[in-house]
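Here is the structure we will look at.
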Ligand code: IDC
């Protein structure tokens, strides 16, 4: 072989090997390696480099009730199914299981998600407490602790009030609460995304669109349960989107709003197509095997790790198809 041909061959084989390596690397890249620190640009969540990102997530049930699913193997199972975001739901009302002792579980959950290169939403899960002001003091303490401890990480999102409801308005209650909590978070974490709940169990995004917050890197929560929330709620989303509001479906399921009852695949398909069109991310409720339709794991499955598609419930299987798309 001539010297020149030899060198050419060497060069080509190096190139091929290089291609092989980069293919392996890009396949192994975790969501956080791919997208880095997320931010909000216009009405979209985008990657560090400005590429539109549609988050696909799974939420824990209340970690007071189902702490056993906060483990690395469980999160990894969902990652394999296409999930890039874990939401850790900490109910904020003592009547619904709130206790400071659960912070340890939240810390654990953050560690597992971080080790797996997944995003993690810290969900201050107000529900029966209705007005976010009810436990505002505790909320400020909670978010101070977490922004201080994890604010430098790229994979953290803060959801500051799951579902305001009852005698609560955007301007009088939620907006001032959000201003306070976000100002506190920004003392320690200048950049990571904050998810803000909206009136009527995080449905009134159209109202919020008329008077959004001034802070950067904020998205607004839109929650739906497909069998209850149909065209009327999709219309609110369209309105808010057209008005330029950035949204995240930080909680949804395809059954009714009780978290139980029948599945409405027709409405659910309409929802998923709308979210795909707008590149709005979505997080499915809930990682447990509770005997209710919204539980993603079959009631008969006792496993808390190494969960496969065959262990999923009917709603879990249906949603998993979308995670993979
Ligand atoms: C439901 C759970 C259910 C639990 C109930 C009360 O699925 O097992 O008994 O809460 O805590 C929401 C809430 C979410 C609800 C879910 C279904 O954010 O906490 O979970 N839902 O009702 N908003 C609309 C529906």
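Residue numbers (our numbering): 943 to 1267.
For each residue, glycine too, the CB sits at the ideal point set by N, CA and C.
By the DSSP assignment, the alpha helix (DSSP H) with residue i in it spans what residues?
{"i": "residue 1125", "result": "1117-1130"}
{"i": "residue 1227", "result": "It is not in any alpha helix (DSSP H) - residue 1227 instead sits in the beta strand (DSSP E) that spans 1224-1229."}
{"i": "residue 1149", "result": "1147-1151"}
{"i": "residue 1211", "result": "1207-1220"}
{"i": "residue 990", "result": "Neither: residue 990 is in no alpha helix (DSSP H) and is coded neither H nor E."}
Out of curiosity, what's the CA-to-CA distance linking residue i and residue j?
{"i": "residue 998", "j": "residue 1032", "result": "20 Å"}
{"i": "residue 979", "j": "residue 990", "result": "5 Å"}
{"i": "residue 1146", "j": "residue 1098", "result": "25 Å"}
{"i": "residue 1219", "j": "residue 1185", "result": "16 Å"}
{"i": "residue 1002", "j": "residue 1192", "result": "12 Å"}
{"i": "residue 1053", "j": "residue 947", "result": "52 Å"}
{"i": "residue 1006", "j": "residue 1232", "result": "14 Å"}
{"i": "residue 1094", "j": "residue 1134", "result": "9 Å"}
{"i": "residue 1253", "j": "residue 1264", "result": "17 Å"}
{"i": "residue 1255", "j": "residue 952", "result": "53 Å"}
{"i": "residue 1257", "j": "residue 1235", "result": "7 Å"}
{"i": "residue 1065", "j": "residue 954", "result": "51 Å"}
{"i": "residue 968", "j": "residue 1239", "result": "In this predicted model, residue 968 has a pLDDT of only 48, less than 50, meaning its place in the structure is not dependable enough to derive any value."}
{"i": "residue 1119", "j": "residue 1041", "result": "21 Å"}
{"i": "residue 1085", "j": "residue 1044", "result": "14 Å"}
{"i": "residue 1229", "j": "residue 1267", "result": "20 Å"}
{"i": "residue 1270", "j": "residue 970", "result": "Any answer about residue 1270 is impossible in this case: the structure gives the chain only from 943 up to 1267."}
{"i": "residue 1161", "j": "residue 1010", "result": "30 Å"}
{"i": "residue 1202", "j": "residue 1237", "result": "9 Å"}
{"i": "residue 1244", "j": "residue 1200", "result": "23 Å"}
Take residue i and list the residues in its own chain whose beta-carbon comes closer than 8 Å to its own, dropping the five residues that flank it on each side.
{"i": "residue 1149", "result": "1112, 1140 and 1141"}
{"i": "residue 1122", "result": "1078 and 1082"}
{"i": "residue 1026", "result": "973, 997, 998, 999, 1060 and 1061"}
{"i": "residue 1260", "result": "1196, 1205, 1207 and 1210"}
{"i": "residue 1180", "result": "1216"}
{"i": "residue 1250", "result": "1019"}
Under 7 Å Cβ to Cβ from residue i, same chain only, skipping five residues before and after it: list those, please.
{"i": "residue 1018", "result": "1058"}
{"i": "residue 1050", "result": "1012"}
{"i": "residue 1096", "result": "974, 978 and 979"}
{"i": "residue 1015", "result": "1247 and 1248"}
So, with DSSP's three-state summary, where would you put residue i?
{"i": "residue 1011", "result": "helix"}
{"i": "residue 1050", "result": "helix"}
{"i": "residue 1161", "result": "strand"}
{"i": "residue 1040", "result": "coil"}
{"i": "residue 1260", "result": "helix"}
{"i": "residue 1172", "result": "coil"}
{"i": "residue 1185", "result": "coil"}
{"i": "residue 1144", "result": "helix"}
{"i": "residue 1179", "result": "helix"}
{"i": "residue 1021", "result": "helix"}
{"i": "residue 1268", "result": "The first residue shown for the chain is 943 and the last is 1267, placing residue 1268 beyond what the model contains."}
{"i": "residue 1057", "result": "helix"}
{"i": "residue 974", "result": "helix"}
{"i": "residue 947", "result": "helix"}
{"i": "residue 998", "result": "strand"}
{"i": "residue 1238", "result": "coil"}
{"i": "residue 1155", "result": "coil"}
By the 10 Å Cβ neighbour count, where 16 or more other Cβ atoms means buried, how is residue i classified, buried or exposed?
{"i": "residue 950", "result": "exposed"}
{"i": "residue 1106", "result": "buried"}
{"i": "residue 992", "result": "exposed"}
{"i": "residue 1182", "result": "buried"}
{"i": "residue 1241", "result": "exposed"}
{"i": "residue 1214", "result": "buried"}
{"i": "residue 1144", "result": "buried"}
{"i": "residue 1269", "result": "Because the chain here runs from 943 to 1267, residue 1269 falls outside it and cannot be looked at."}
{"i": "residue 1152", "result": "exposed"}
{"i": "residue 1108", "result": "exposed"}
{"i": "residue 1226", "result": "buried"}
{"i": "residue 1194", "result": "buried"}
{"i": "residue 1034", "result": "buried"}
{"i": "residue 1036", "result": "exposed"}
{"i": "residue 1129", "result": "exposed"}
{"i": "residue 984", "result": "exposed"}
{"i": "residue 1131", "result": "buried"}
{"i": "residue 1178", "result": "buried"}
Short of 6 Å in beta carbon distance, which residues of its chain neighbour residue i, apart from the five on each side in sequence? Order them along the chain.
{"i": "residue 1028", "result": "1017, 1055, 1060 and 1062"}
{"i": "residue 1198", "result": "1167, 1169 and 1170"}
{"i": "residue 1073", "result": "1110 and 1115"}
{"i": "residue 1172", "result": "1209"}
Hey, quick one: how far does the beta strand (DSSP E) through residue i stretch, first residue to last?
{"i": "residue 983", "result": "981-983"}
{"i": "residue 1066", "result": "1061-1067"}
{"i": "residue 1252", "result": "Careful: residue 1252 lies outside any beta strand (DSSP E) and carries neither H nor E."}
{"i": "residue 1087", "result": "Where residue 1087 is concerned, there is no enclosing beta strand (DSSP E), although the alpha helix (DSSP H) it sits in stretches over 1078-1092."}
{"i": "residue 1101", "result": "1098-1101"}
{"i": "residue 1028", "result": "1027-1033"}
Consider the C-beta atom of residue i and the heavy atoms of the ligand PLP; say whether any pair is separated by less than 8 Å.
{"i": "residue 1069", "result": "This structure lacks the ligand PLP; its bound ligands are the ligand IDC."}
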